[in-house]
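*Asks:* After the structure tokens below, expect a handful of questions from me.
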Amino acid sequence: MITYLKEVGRGKRGARDLTYEESLEAAEQIINLRATPAQIGAFFMAERIKMESVEELEAFVKICREAAYREPIQEGIDCAGPYDGRNKSFFATFAVSFLLAAAGLPVTLHGTASLPPKWGVTLHDILLEAGITISERTRTEIVTAAKETGVLYVPAEEWCPPLKELRPIREQLGMRTVLNTAEKLIDYSCSPYLVFGVYHNTVFDRLSRLTTQLKYRKSLIVQGTEGSEDLYIDRPTRTYMVENGHASLHVVNPENLGLDTPLPETTWNAAEQLRVTESVLHGDAHIGFTHQVLLNAAYRLHLADRVESVEEGLYTCKAHLESGEAWKVYSKWKAMLS
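Mapping of the sequence shown onto full-length UniProt numbering: position 235 corresponds to residue 235, and the numbering continues sequentially without gaps.
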């Protein structure tokens, strides 16, 4: 491990990227805790300064996947948002998941209790507010609920135990590490489609090459709200569509679809996230939040080849929302896991 630390930690100009083989060995030592806490923390910081290469990221994803429980439970879409949560925006992807499931597209969600650097509200917090202690549910219970409803939520630290073991080091560092990317790409349900949130458009190229290497059928990389996979509803969103090794920039402008809507000022916490989510699914939310859910659901249906166009996706999702089907899926899922 010391050898690899010397290579990545020589400073901005002297550091070099590790080869894929070197990265695999370094990742194996870190993920399986063969390196010391000091070495792990030093490696994370050095990589943060140098910036991880595609090969280094791919190696960490591979070792994380080997350490995790992964099963092709349902062929659908993986929604990969930041595990450090939200502080200033609606968690649209949660409501979107039940709408997609109602439309016939299985969804995989995953996360943990909040992490640095943002320490925001996470899906874990929202589930607790809904009366679901997901970490206490057995794997069988979680998988059964997924098969019955089309929505799988994975408590990542239970299904990939090294993430729990490495949490104290990440909390002590208090900033982003290579795991902030790798943990979102473990792909617990072996999904062919991926929607992935990023903070900065400077990582579009690296992430498009990484998702190609990971052999997703199609992926949509989104510079969304607070670095999430959620498209904005009150302004355009930059995205990268990746298919067959080809990546193309696409700006999603809700105004072009007649959906652009100002959102109300909201103080977000887990209770408010749950209230707005349930209001959208029940059909009595602020129109801006409803439009945001419809927009994101339509683009994901189109990504997964369930509809011919985004416009068809909007029509389909609106019908399932207005009919109450999305609310029924949510209610059933919640009852099975409570």
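Glycine included, each C-beta is placed from N, C-alpha and C at the ideal position.
Within a Cβ cutoff of 6 Å, which residues of the same chain sit near Trp333, ignoring the five residues on either side of it in sequence?
*Replies:* Sequence index remark: in the sequence shown, residue 333 carries index 333 (1-based). Within the same chain, Trp333 has close Cβ partners Ala145, Thr149 and Val151.
*Asks:* Cα-Cα, which of Leu294, Gly288, His282 and Leu314 is closest to Trp327?
*Replies:* In the sequence shown, counting from the first residue as 1, residue 327 sits at position 327. Considering only alpha carbons, the answer is His282.
*Asks:* Between the Cα of Val54 and those of Leu214, Thr261 and Ile233, spot the shortest distance and give me the residue it belongs to.
*Replies:* Numbered from its first residue, the sequence shown carries residue 54 at position 54. Per the Cα distances, Leu214.
*Asks:* Specify the secondary structure class of Val307 as computed by DSSP and reduced to three states.
*Replies:* If you number the sequence shown from 1, residue 307 lands on position 307. Here Val307 sits in coil by DSSP.
*Asks:* Exposed or buried, which one is Glu308 when buried takes at least 16 other CB atoms within 10 Å?
*Replies:* Taking the sequence shown and counting its residues from 1, one reaches residue 308 at position 308. With fewer than 16 other Cβ atoms within 10 Å, it is exposed.
*Asks:* Measure the Cβ-Cβ separation of Leu303 and Lys218 and say whether it is below 7 Å.
*Replies:* Counted from its first residue, the sequence shown places residue 303 at position 303. Counted from its first residue, the sequence shown places residue 218 at position 218. Going by C-beta atoms, Leu303 is nearer than 7 Å to Lys218.
*Asks:* Keeping to the same chain, check which residues put their C-beta closer than 6 Å to that of Gly324; ignore five residues upstream and five downstream.
*Replies:* Position 324 of the sequence shown, counting from 1, holds the residue named residue 324. Around Gly324: no qualifying Cβ.
*Asks:* So, using beta-carbon positions, are Val242 and Ser208 closer together than 7 Å?
*Replies:* Sequence index remark: in the sequence shown, residue 242 carries index 242 (1-based). Sequence index remark: in the sequence shown, residue 208 carries index 208 (1-based). Their beta carbons are under 7 Å apart, which means Val242 touches Ser208 by this criterion.
*Asks:* Are the stretch 35-53 and the stretch 66-80 touching, with three or more C-beta to C-beta distances below 8 Å?
*Replies:* With a cut-off of 8 Å, the stretch 66-80 and the stretch 35-53 do not count as touching, because too few Cβ pairs lie within range.
*Asks:* Does DSSP put Gly81 in a helix, a strand or coil?
*Replies:* Within the sequence shown, residue 81 is the residue found at index 81, counting from 1. Correct three-state label for Gly81: coil.
*Asks:* Report the start-end ranges of each beta strand (DSSP E) in the stretch 38-62 that is 3 residues or longer and not cut off at the edges.
*Replies:* As far as the stretch 38-62 is concerned, it has no whole beta strand (DSSP E) run of at least 3 residues.
*Asks:* With which residues is Thr239 paired in a DSSP beta bridge?
*Replies:* Here residue 239 refers to the residue found at position 239 when the sequence shown is read from its first residue. Answer is Val222 and His250, bridged to Thr239.
*Asks:* Helix, strand or coil for Phe196, going by three-state DSSP, please let me know.
*Replies:* The residue labelled residue 196 in the question sits at position 196 within the sequence shown. Three-state DSSP puts Phe196 in a strand.
*Asks:* Going by the CB atoms, is the gap between Pro264 and Ile233 shorter than 7 Å?
*Replies:* Within the sequence shown, residue 233 is the residue found at index 233, counting from 1. Within the sequence shown, residue 264 is the residue found at index 264, counting from 1. No, the Cβ-Cβ distance between Ile233 and Pro264 is not below 7 Å.
*Asks:* Whole angstroms is fine: what's the gap from Glu171's alpha carbon to Thr177's?
*Replies:* As a first step, residue 171 is located in the sequence shown; it is residue number 171 there, counting from the start. As a first step, residue 177 is located in the sequence shown; it is residue number 177 there, counting from the start. Answer to the nearest angstrom: the Cα atoms are 11 Å apart.
*Asks:* Out of curiosity, what's the CA-to-CA distance linking Leu115 and Thr122?
*Replies:* For the purposes of this step, residue 115 is taken as residue 115 along the sequence shown, with counting starting at 1. For the purposes of this step, residue 122 is taken as residue 122 along the sequence shown, with counting starting at 1. The straight-line gap from Cα to Cα measures roughly 9 Å.
*Asks:* Can you give the Cα-Cα distance for Glu157 and Glu165, rounded to whole angstroms?
*Replies:* The count along the sequence shown starts at 1 and reaches residue 157 at position 157. The count along the sequence shown starts at 1 and reaches residue 165 at position 165. Roughly 8 Å separates the two Cα atoms.
*Asks:* Short check: CB of Thr316 to CB of Ala103, under 7 Å?
*Replies:* As a position in the sequence shown, residue 316 is number 316, starting the count at 1. As a position in the sequence shown, residue 103 is number 103, starting the count at 1. Result yes, Cβ atoms of Thr316 and Ala103 sit closer than 7 Å.
*Asks:* Apart from the five residues just before and just after Ile287, which ones in its own chain have a Cβ nearer than 8 Å to its Cβ?
*Replies:* To locate residue 287, count along the sequence shown from 1; it is residue 287. Hits under 8 Å: Thr261.
*Asks:* Taking a contact to mean a Cβ-Cβ separation below 7 Å, would you say Tyr330 touches Phe98 in this structure?
*Replies:* In the sequence shown, the residue the question calls residue 330 occupies position 330. In the sequence shown, the residue the question calls residue 98 occupies position 98. Taking 7 Å as the Cβ cut-off, Tyr330 and Phe98 qualify as a contacting pair.
*Asks:* Going by the DSSP bridge assignment, what does His110 pair with across the sheet?
*Replies:* Start at 1 with the first residue of the sequence shown, and residue 110 comes out as number 110. Answer by DSSP bridge pairing, in chain order: Val154.
*Asks:* Please report the straight-line C-alpha distance between Asn244 and Met1, rounded to a whole angstrom.
*Replies:* Translated into positions along the sequence shown, residue 244 becomes position 244. Translated into positions along the sequence shown, residue 1 becomes position 1. Using only the alpha carbons, I get a separation of about 36 Å.
*Asks:* Can you check DSSP and say which residues form a bridge with Val121?
*Replies:* The residue you call residue 121 lines up with position 121 of the sequence shown. Note: Val121 sits in a beta bridge opposite Arg86.
*Asks:* Secondary structure at Lys6, three-state DSSP: helix, strand or coil?
*Replies:* Locating residue 6 in the sequence shown gives position 6, counting from the first residue. Correct three-state label for Lys6: helix.
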